[in-house]
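Trainee: Protein chains in written order, with numbering that gives the first Met the number 0: chain V, 0 to 172; chain D, 0 to 572.
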Amino acid sequence: MKRIVTLVVQNRSGVLNRVTGLMHKRQFNIESISVGRTEQDGISKMTFVVDVEDHRKLEQLTKQLHKQIDVLKVTDLSEKAIVARELAMIKIVSNASVRSEVQSIIEPFRADVIDISRDSLSVQVTGKPEKIEALIDLLRPYGIKDIARTGLTAFSRGQQPQASELTQFSLLK
Amino acid sequence: MKVETKADARPAVKTGADVLIESLVNQEVDTIFGYPGGAVLPIYDALYRSDAEFQHILTRHEQGAIHAAEGYARVTRRPGVVLATSGPGATNLVTGIADAMMDSLPLVVLTGQVATTVTGTDAFQEADIMGITTPITKHNYQVQSAYEIPRIIKEAFHIASTGRPGPVVVDIPKDISANPCFDTDEAPFHLPGYQPTINPNPLQIKKLCDAVQKAKKPLILTGAGVLHGGGSDVLQDIAEAFQIPVTSTLLGLGAFPGDHELFLGMAGMHGTYTSNMAITECDLLINVGARFDDRLTGNLEHFAKNAVVAHIDIDPAEIGKNVHTHIPIVSDAGAALKEWKRQMKEGPDAHESWLAELHESIKENPLWFNNPPEGMVAQWAVKHIYEATDGDAIVTTDVGQHQMWAAQYFQFKRPDRWVTSGGLGTMGFGFPAAIGCQLAKPDEKVIALVGDGGFQMTLQELSVLQERNLPVKIVILNNQALGMVRQWQEEFYEERYSESLVACQPDFVKLAEAYSIRGVKLETREEFESSIKGLLESDEPVLIDARVIQQENVFPMVPPGRGINDMVGVKPR
Numbered sequence: 000m001k002r003i004v005t006l007v008v009q010n011r012s013g014v015l016n017r018v019t020g021l022m023h024k025r026q027f028n029i030e031s032i033s034v035g036r037t038e039q040d041g042i043s044k045m046t047f048v049v050d051v052e053d054h055r056k057l058e059q060l061t062k063q064l065h066k067q068i069d070v071l072k073v074t075d076l077s078e079k080a081i082v083a084r085e086l087a088m089i090k091i092v093s094n095a096s097v098r099s100e101v102q103s104i105i106e107p108f109r110a111d112v113i114d115i116s117r118d119s120l121s122v123q124v125t126g127k128p129e130k131i132e133a134l135i136d137l138l139r140p141y142g143i144k145d146i147a148r149t150g151l152t153a154f155s156r157g158q159q160p161q162a163s164e165l166t167q168f169s170l171l172k
Numbered sequence: 000m001k002v003e004t005k006a007d008a009r010p011a012v013k014t015g016a017d018v019l020i021e022s023l024v025n026q027e028v029d030t031i032f033g034y035p036g037g038a039v040l041p042i043y044d045a046l047y048r049s050d051a052e053f054q055h056i057l058t059r060h061e062q063g064a065i066h067a068a069e070g071y072a073r074v075t076r077r078p079g080v081v082l083a084t085s086g087p088g089a090t091n092l093v094t095g096i097a098d099a100m101m102d103s104l105p106l107v108v109l110t111g112q113v114a115t116t117v118t119g120t121d122a123f124q125e126a127d128i129m130g131i132t133t134p135i136t137k138h139n140y141q142v143q144s145a146y147e148i149p150r151i152i153k154e155a156f157h158i159a160s161t162g163r164p165g166p167v168v169v170d171i172p173k174d175i176s177a178n179p180c181f182d183t184d185e186a187p188f189h190l191p192g193y194q195p196t197i198n199p200n201p202l203q204i205k206k207l208c209d210a211v212q213k214a215k216k217p218l219i220l221t222g223a224g225v226l227h228g229g230g231s232d233v234l235q236d237i238a239e240a241f242q243i244p245v246t247s248t249l250l251g252l253g254a255f256p257g258d259h260e261l262f263l264g265m266a267g268m269h270g271t272y273t274s275n276m277a278i279t280e281c282d283l284l285i286n287v288g289a290r291f292d293d294r295l296t297g298n299l300e301h302f303a304k305n306a307v308v309a310h311i312d313i314d315p316a317e318i319g320k321n322v323h324t325h326i327p328i329v330s331d332a333g334a335a336l337k338e339w340k341r342q343m344k345e346g347p348d349a350h351e352s353w354l355a356e357l358h359e360s361i362k363e364n365p366l367w368f369n370n371p372p373e374g375m376v377a378q379w380a381v382k383h384i385y386e387a388t389d390g391d392a393i394v395t396t397d398v399g400q401h402q403m404w405a406a407q408y409f410q411f412k413r414p415d416r417w418v419t420s421g422g423l424g425t426m427g428f429g430f431p432a433a434i435g436c437q438l439a440k441p442d443e444k445v446i447a448l449v450g451d452g453g454f455q456m457t458l459q460e461l462s463v464l465q466e467r468n469l470p471v472k473i474v475i476l477n478n479q480a481l482g483m484v485r486q487w488q489e490e491f492y493e494e495r496y497s498e499s500l501v502a503c504q505p506d507f508v509k510l511a512e513a514y515s516i517r518g519v520k521l522e523t524r525e526e527f528e529s530s531i532k533g534l535l536e537s538d539e540p541v542l543i544d545a546r547v548i549q550q551e552n553v554f555p556m557v558p559p560g561r562g563i564n565d566m567v568g569v570k571p572r
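(1) Taking THR46 of chain V and THR5 of chain V to be in contact with their CB atoms under 8 Å, please state how far apart those CB atoms are, rounded to whole angstroms.
(2) In chain order, what residues of the same chain have a beta carbon less than 6 Å from the beta carbon of LEU15 of chain V, not counting five sequence neighbours either side?
(3) Can you look up VAL573 of chain D in the DSSP assignment and give me helix, strand or coil?
(4) Give the straight-line distance between the Cα atoms of ASP209 of chain D and LEU357 of chain D, rounded to the nearest whole angstrom.
(5) Could you name the residues that DSSP lists as bridge partners for VAL93 of chain D?
(6) Using beta-carbon positions only, say whether LEU295 of chain D and MET268 of chain D come within less than 9 Å of one another.
(7) Who are the Cβ neighbours of SER119 of chain V in its own chain at under 8 Å, not counting the five residues just before and after it?
(8) Residues in its own chain within less than 6 Å of ASN305 of chain D by CB, not counting five upstream and five downstream?
(9) Could you tell me whether any Cβ in chain D is nearer than 9 Å to the Cβ of ILE186 of chain V?
(10) Mind checking GLN309 of chain D: buried by the 16 CB within 10 Å criterion, or exposed?
(11) Which of the three DSSP states is assigned to ASP258 of chain D in this structure?
(12) Determine the direct distance from the alpha carbon of LYS532 of chain D to that of GLU525 of chain D, and round the result to whole angstroms.
(13) When you compare each of D:SER22, D:ARG495 and D:PRO558 to HIS157 of chain D by their alpha carbons, which one comes out closest?
(14) Compute the distance between the beta-carbons of VAL394 of chain D and ILE473 of chain D, then report whether it is under 9 Å.
(15) Whether or not the segment 188-203 of chain D and the segment 103-110 of chain D are in contact is what I'm after, with contact meaning three or more pairs of Cβ atoms, one per stretch, closer than 8 Å; do they touch?
(16) Just the chain V side, please: which residues come within less than 8 Å of ILE158 of chain D by C-beta, in chain order?
(17) Between LYS382 of chain D and chain V, is any beta-carbon pair separated by less than 9 Å?
(18) Restricting to runs no shorter than 4 residues, where is the alpha helix (DSSP H) found entirely within the segment 4-85 of chain V?
(19) How long is the line joining the alpha carbons of GLY13 of chain V and PRO441 of chain D, rounded to whole angstroms?
(20) Taking the C-alpha atoms as reference points, what is the distance between PRO179 of chain D and LEU252 of chain D?
(21) With three or more beta-carbon pairs closer than 8 Å as the criterion, would you say the segment 420-435 of chain D touches the segment 85-102 of chain D?
(22) Does DSSP put LYS216 of chain D in a helix, in a strand, or in coil?
(23) Could you have a look at GLN141 of chain D and say whether DSSP puts it in helix, strand or coil?
(24) I'd like to know if GLY126 of chain V contacts chain D, where contact means its C-beta is closer than 9 Å to some C-beta of that chain.
(25) Assuming ILE285 of chain D is part of the beta strand (DSSP E), what are its boundary residues?
(26) Could you pull out every residue in the same chain whose Cβ sits closer than 7 Å to the Cβ of ALA254 of chain D, ignoring the five residues on either side in sequence?
(27) Is SER155 of chain V helix, strand or coil when you go by DSSP?
(28) Are the Cβ atoms of ASN564 of chain D and THR115 of chain D separated by less than 9 Å?
(29) Just checking: is the beta-carbon of LEU57 of chain V within a distance shorter than 9 Å of some beta-carbon in chain D?
(30) Tell me the residue span of the beta strand (DSSP E) that contains THR30 of chain D.
(31) Could you list which residues in chain V have their beta carbon closer than 9 Å to that of LEU92 of chain D, in chain order?
(32) Classify MET566 of chain D as helix, strand or coil using the three-state DSSP reduction.
(33) What residues match up with ARG634 of chain D in a beta bridge as DSSP calls it?
(34) Return the chain-ordered ranges of every beta strand (DSSP E) run that is complete within the segment 45-93 of chain D and spans a minimum of 3 residues.
(35) Determine the contact status of SER144 of chain D and GLN112 of chain D, defining contact as a CB-CB distance below 9 Å.
(36) For SER497 of chain D, which of D:CYS503, D:SER274 and D:VAL484 has the nearest alpha-carbon?
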């Protein structure tokens, strides 16, 4: 099962290595990582999407992460109401004749054209991974030259629903 | 002519290395195990110039230094301190760091590093020791400026010795230790991400008390957590009050008196039959400070199937890791035991039939070994050493047959007398560890019970015995083989003894003599019996080359992959 786990960490050298090394040692497969600074000086946030077998393994993962000295907080967001976004840049083969067609495809995705050359066109899109996958599928027939994705980043919504309503808000079910 | 004094050699301005030495003094360090080299020259210079009281023990290999520090840490429960240079000096420590991590021993490991100006250029003797030690340390630091040194050293000692103890590496670039240091961070440290739970939740202890009241077949399993938490006395009070039998992991030996009538012996792969059956049949298993290692549990499908499992551990990640736990108690074992004793209810059930059953089993299935008319078996020798010392000794071992025999036949009556490499199973651990133990406890009798294979991995430390005249007694149980490897090849590889029979070996007596140490070869039981007591009581170091029969195997045994209820070699064969 896929889980979104966020870590609040002290921004010290080696902390990313410690966290990813731990996941490697305990055989957790990382699907994506994104790391960035937070509103507090010296504090960073890491968002991992990991594939774990079962709840026992998941518990091990969060406990082991929590043991790291530089890890301040471990949150498994998977069961919560969350806002999750990923950014992708997609470069496709394109000349003048298909530009307007591409434009009409990307518009419903609220994606933007961010670069154009004689034979290519680059699109930027943000959203949940499914949305990005959908757009990539639509653009594939034009010939994808390059894709760069940031990996998912997420946090919990300001208001959490009652436990009984949780499943419908969950992202990775 | 001017005689240079230490004061003259001192520079006007303190260097980073001076600050480091001061920081160690502030931590009340009394012994450092180390080996100098290029990147730690400034630190060794500061050590030379310092008036500090502590002693530096120059081992003959960095591995010797770290195992000695582990021995020191195990018997004192205080961090062992190691100092080594960059590159090969640091990488030679890796085995010991991993060993300390597995067995939760507090260490502060100081390594030199190439100067920050050349870091990352594959400079001479550069190794990424931060990267290398990340998975095998509780935490590690690379010092970025001398300003940080006092804070980092304080943090390192705190992290190493609190919570679940473990090794902390502090990597110090040469320019930082060499350069003048004008200002240091003397503020108390702040570790917001490190707040180990020391005291138990009283409600969880209440659940445990309720479970004890209900249990018909309770059993206590002691681990090294009892030793780290200093909980032995309270444990004994509780076990006696409730008449709960006690078994132990390898590393927990000594947490409960080995000669106590409630003690069933060690459990696990080479544990006693009664201990393993008690685990299989008990209806309440109270694990105090053990981590349900696979050598203890055997096949998990057959482990304590009938039991409500209570698990006291300071490391929450250990609870539920291997064995499903009904009553989790995150706490220091000592604190949890105290709370348990405080909440103990009146009139506990006496578990007479359960105890009678176990005592019957002990009588029926004692540890056994064959005593052939010619020659000497290692079990007999260990038993004899135990009797000759009346069990009053610190015993260190490597890994293998001799380790298991020591665990089986040496009944540790007090805590912190048993020093062995459990989790990592490191050959070459026992002898240098004994040096650390002897330095920590000069008045105690320290016996390094080692095999001929393991001893040859770190025997260069004989130099330290010679230099310091440390009265460590080395007993080599010499079967001219890598005994446990040989045993497994006999049992599971159809007697194909691939590279495990090592007939070629040095003359250990002459080897000892080369270091001006008394060496004695004992080949028969008569020789052994008549001289062992005297040799062990000598106040000089002695090396005893005890020739034992090669073909002996450790029994009883849980074959790999089986449940611990499924032992072979329970009865003499």
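Think of the CB as a built atom: it goes at the ideal place given N, C-alpha and C, for glycine as much as any other residue. Since we're looking at a predicted model, the values are computed, not measured.
Mentor: According to the structure data:
(1) With a contact defined as Cβ atoms closer than 8 Å, THR46 of chain V and THR5 of chain V qualify at about 5 Å.
(2) The beta carbon of LEU15 of chain V sits closer than 6 Å to no other beta carbon from its chain once the five residues preceding and following it are set aside.
(3) What is shown of chain D runs 0 to 572, which leaves residue 573 of chain D out entirely.
(4) 23 Å
(5) Beta-bridge pairing links VAL93 of chain D to no other residue.
(6) Yes, the Cβ-Cβ distance between LEU295 of chain D and MET268 of chain D is below 9 Å.
(7) LYS90, ILE91, VAL92, SER93 and LYS144.
(8) Same-chain partners within the cutoff: ASP282.
(9) Because chain V is modelled from 0 through 172, residue 186 of chain V falls outside the range shown and cannot be assessed.
(10) Correcting the residue identity first, residue 309 of chain D is Ala in this sequence and not Gln. Answer is buried; the Cβ neighbour count reaches 16.
(11) coil
(12) 12 Å
(13) D:SER22
(14) no
(15) no
(16) ILE68
(17) It does not; no Cβ of chain V falls within 9 Å.
(18) 14-24 and 54-66
(19) 40 Å
(20) 49 Å
(21) With the cut-off at 8 Å, the segment 420-435 of chain D and the segment 85-102 of chain D touch.
(22) coil
(23) strand
(24) Closer than 9 Å: no.
(25) 283-287
(26) THR221, VAL225, LEU226, SER231, LEU234, SER247 and PRO414
(27) strand
(28) In this structure, THR115 of chain D does not lie closer than 9 Å to ASN564 of chain D by Cβ.
(29) no
(30) 30-33
(31) Near LEU92 of chain D there are no residues of chain V at all, since even the closest Cβ is about 18 Å away, more than 9 Å.
(32) Correct three-state label for MET566 of chain D: coil.
(33) As displayed, chain D neither begins before 0 nor continues past 572, which places residue 634 of chain D out of reach and without an answer.
(34) 54-57 and 79-83
(35) no
(36) D:VAL484
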